[in-house]
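The structure under discussion appears below in the form of structure tokens.
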Amino acid sequence: MKYTTSVNGNTYQIEINSAHQITVDGEIFAVDFESVSHQPLYSLLLDGGSHEAYIEYDAEGWQVLHRGDRYTVSVADERMQRLAQLGGLQADAAGREFLLKAPMPGLVVSVPVADGQPVEKGDLLLVLESMKMQNELRAPRAGTVQRIRAQAGQSVEQHALLLALV
Amino acid sequence: MINKILIANRGEIAVRILRACHELGIATVAVYSDADRNAMHVHRADQAYYIGPSAARESYLRADKILDAARKSGADAIHPGYGFLSERADFASACAAAGLAFIGPPPGAISVMGDKARARAAALAAGVPIVPGTDARAHLSDAELIAAAADVGFPLLVKAAAGGGGKGMRSAASQAELPAALAAAHSEALAAFGDGTLYLERLLPNARHIEVQILADMEGNVIHLGERECSIQRRHQKLLEEAPSPFVGDDEELRQRMGALACKVASAVGYANAGTVEFLMDEDRNLFFLEMNTRLQVEHPVTELVTGIDIVKEQIRIARGRKLSRKQSEVRMTGHAIECRINSEDPYNGFLPSIGTITTSILPTGPGVRVDTGVYAGYTVSPYYDSLLTKLICYGESRGEALLRMRRALEDYRLIGVKTTIPFHQKLLDSHRFMAGKFTTRFLDEDFHVADKPPTNPRIAAILATLVAHQQGQQTAHIQQHNVRDTSNWKWVGRWERMHR
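Sequences listed follow chains X and S, in order.
Residue 162 is where the first sequence starts when you use our numbering, and the numbers rise one by one after that.
Residue 104 is where the second sequence starts when you use our numbering, and the numbers rise one by one after that.
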């Protein structure tokens with residue numbers, strides 16, 4: 162299986178030849194890859210080099226935490242690439258709705274935005290108090306605030322929908 | 104006599120105090136809320152008493168329930184730890200009234216130091232300079248504070264009169280930023296301390312936050328155990344501390360002068376037990392009294408490692424009415440110690456708290472490594488309490504060795520299930536300014552960002568992500584194939600025919 166993988170502006174052509182061999186941009190490597198005790202923790206032996214990383218998938222892509230560095234990696238296989246070329250995956254991230262959900266249970270301290278208000282990336286959307294701290298939840302991108310579901314003084318559960326950004 | 108101690112706290116500090124008690128052969132009593140039935144301190148104590156619902160104000164902040172647990176368990180002393188009831192003079196008095204030894208300072212000293220205005224007045228009277236600011240005793244309204252701000256001078260800090268630990272504190276660079284800072288500090292102070300009174304204090308540019316650990320016995324002997332460097336703060340929350348301070352360095356004259364000032368402040372209020380005097384040090388090494396913390400500090404282990412003194416045991420010794428085990432001349436700082444606070448927060452996402460169940464916890468060990476933790480694999484981090492999970496403390500003969508050891512230990516630590524500040528510390532330790540010791544209290548907020556430097560190994564990250572994506576893709580494909588084979592076409596036709604009979 163062939164993959165096109167990009168991270169930090171670099172793109173790599175990676176082919177999985179077998180369980181123990183991969184080709185990266187034409188260069189062949191011996192690999193041994195295992196997950197550690199069924200955790201999102203993985204061990205990679207690559208031509209004798211030992212690497213360990215936490216790897217999780219979220220809305221932005223694969224999050225790889227390796228020796229204190231965090232990488233956001235996008236991995237596309239041949240089928241996804243063909244679909245992208247045919248225009249099947251044109252619904253890009255900016256066009257989709259972003260749903261702001263409570264990252265933890267807490268108390269809504271303030272909602273400094275109003276329905277229909279345009280916001281820039283990094284603007285404050287909501288202040289949530291949890292673990293004795295006031296946590297500022299900010300816009301991950303520019304958009305318009307809609308469907309505000311939370312108000313100041315309200316207790317919310319984890320993953321509760323707070324507002325939408327379109 | 105102290106034969107049984109009730110620990111009115113939770114988390115890593117409760118476990119730390121349990122250890123000291125057990126080494127001294129003293130029986131221990133833990134208290135716990137609904138959320139903490141399975142917390143480490145409950146498992147490790149000799150006895151444990153339930154004190155109420157998860158919210159701190161219904162359990163760990165309920166003096167009546169804690170005193171009740173002490174009475175039922177037969178404890179003869181209470182150690183308050185830090186936070187919660189540790190700096191409440193009324194609680195210390197209530198302990199005494201109930202015939203219990205309070206392992207901390209006398210109520211009078213707590214109330215003077217707990218009131219920032221009286222604390223500043225006491226320091227000034229003892230000949231210790233203070234930072235310019237408004238009088239916290241005046242209970243000024245927001246409008247009065249805004250009016251007074253020009254005299255204090257910008258930039259300034261809005262602080263809670265009842266405050267501590269950076270809670271209820273906001274900075275304002277100009278008159279325009281002040282109203283928002285006041286509002287935020289007010290609500291945070293009210294939530295954290297039940298008292299929203301605020302005051303203003305000048306923010307010293309390029310200042311360092313350096314504090315002195317002191318010990319005082321009930322006969323009035325006061326000694327200091329040297330300083331701790333605490334300038335690495337994010338929004339006034341300390342994240343990393345070290346002893347000695349790289350700014351004080353070899354300047355033994357400055358160290359002793361600072362220590363003597365701290366002892367003077369303590370003596371002035373009739374202090375007993377362990378305490379910490381916090382100073383700001385400006386670029387010219389001028390010292391200003393900031394506040395005194397009348398309790399055990401989170402960062403006490405760095406002092407323990409460089410002086411060899413067990414501060415918690417010393418606290419118990421003092422509470423037993425005995426003299427300090429050492430004279431000032433017998434206190435010596437050797438080597439260097441660093442503490443990293445590992446919080447359940449996501450450093451790559453604005454330090455947002457993270458909750459969940461810890462699935463793996465493999466502690467770093469080896470030479471010069473100490474871990475003070477309150478969590479274990481299987482433990483669930485709840486949203487009710489402080490996000491501090493564990494403290495990693497490393498010792499080295501020199502600052503360089505301690506740094507390298509800390510780097511190694513952070514890499515060794517496997518704490519999975521919640522997001523932690525471990526990667527933040529790894530990046531911080533890689534920063535040249537930190538390594539060189541050239542930082543002020545503004546460093547983290549202004550000059551350092553966890554994602555600043557380009558990551559070093561994008562190709563390895565790409566390979567790792569691809570292998571995981573491939574593995575998971577194979578798994579889904581396998582499951583689908585399995586389902587298809589599960590029901591043969593013949594069976595499917597048979598069922599379809601029966602349905603339509």
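The beta-carbon is built from N, C-alpha and C at its ideal position, and this holds for glycine as well.
- Nearest to X/SER235 by C-alpha distance, out of S/SER277, S/ILE566, S/GLU190 and S/ARG601, is S/ILE566.
- Contact of S/TYR451 with chain X is assigned, a C-beta pair being separated by under 9 Å.
- Contact residues of the stretch 275 to 304 of chain S toward chain X are ALA287, SER290, GLU291, ALA294 and ALA295 (C-beta to C-beta distance below 8 Å).
- The count of Cβ pairs closer than 8 Å, one atom from the stretch 353 to 370 of chain S and one from the stretch 552 to 564 of chain S, stays below three, leaving the stretches out of contact.
- Annotation for X/GLY267: LEU289, GLU290 and SER291 place their beta carbon closer than 6 Å to its own, counting only its chain and skipping 5 residues before and after.
- At a Cβ-Cβ threshold of 9 Å, S/ASP550 and S/ARG536 count as neighbours.
- By alpha-carbon distance to X/ASP238, the top candidate from X/LEU324, X/LEU207, X/VAL168 and X/GLN174 is X/GLN174.
- By the neighbour-count definition (other C-beta atoms within 10 Å, threshold 16), X/HIS320 is an exposed residue.
- In this chain, S/ASP385 is not harboured by any beta strand (DSSP E), its DSSP state being neither H nor E.
- At a cut-off of 9 Å, the C-beta of S/LYS262 has no neighbouring C-beta in chain X.
- By the neighbour-count criterion, in which 16 or more other beta carbons inside 10 Å mark a residue as buried, S/MET361 falls on the buried side.
- X/HIS181 is classed as exposed because its beta carbon has fewer than 16 other beta carbons within 10 Å across all chains shown.
- In chain X, no part has a C-beta under 8 Å from the C-beta of S/ILE414; the shortest such distance is about 25 Å.
- Under the DSSP assignment, S/LYS341 falls in the beta strand (DSSP E) whose first and last residues are 340 to 346.
- For S/LYS168, the three-state secondary structure derived from DSSP is helix.
- S/SER290 sits in a helix when the DSSP states are folded into three classes.
- Shown here, X/ASP276 sits in coil according to DSSP, grouped into three states, outside any helix or strand.
- When the alpha-carbon of S/GLN359 is set against those of S/ILE326, S/ARG444 and S/VAL472, the nearest one is in S/ILE326.
- Comparing C-alpha distances from X/ALA313 to each of X/LEU286, X/LYS293 and X/GLN307 shows the shortest one belongs to X/LEU286.
- Using a 10 angstroms sphere on the CB of S/GLY499, the tally of other CB atoms reaches 16 or more, which defines it as buried.
- At a Cβ-Cβ threshold of 9 Å, S/ILE154 and S/ARG165 count as neighbours.
- Where S/ASP238 is concerned, there is no enclosing beta strand (DSSP E), because DSSP gives it neither an H nor an E.
- C-alpha of S/ILE419 to C-alpha of X/GLY304: approximately 58 Å in a straight line.
- Interface annotation, S/PRO557: in contact with chain X, CB-CB separation under 9 Å.
- When secondary structure is reduced to three states using DSSP, S/HIS146 falls in the helix class.
- S/ALA133 is bridged by DSSP to S/ILE110 and S/ALA151.
- Apart from the 5 residues on each side of it in sequence, S/SER485 sits with its Cβ closer than 6 Å to the Cβ of ALA138 in its chain, given in chain order.
- Around the CB of X/ALA220, fewer than 16 other CB atoms lie within 10 Å, so the residue is classed as exposed.
- Under the Cβ criterion of 9 Å, S/ASP193 is not counted among the residues facing chain X.
- Within chain S, the residues placing a beta-carbon under 7 Å from that of X/PRO266 are PRO486, ordered along the chain.
- In its chain, beyond the 5 residues on either side, PHE205 and PRO210 have a beta carbon closer than 8 Å to the beta carbon of S/ALA199.
- Contact annotation, S/ALA440 with S/ILE519: C-beta distance approximately 27 Å; criterion of less than 8 Å not satisfied.
- Comparing alpha-carbon positions, the option among X/LEU298, X/PRO201, X/ASN178 and X/MET241 lying closest to X/VAL274 turns out to be X/LEU298.
- Between S/ARG331 and S/ILE317, the C-beta spacing is not below 9 Å.
- Short of 6 Å from the beta carbon of S/ALA201, and not among the five residues preceding or following it, lie these beta carbons of its own chain, in chain order: LEU170.
- Interface residue (Cβ-Cβ distance to chain X less than 9 Å): S/GLU332 is not classified as such.
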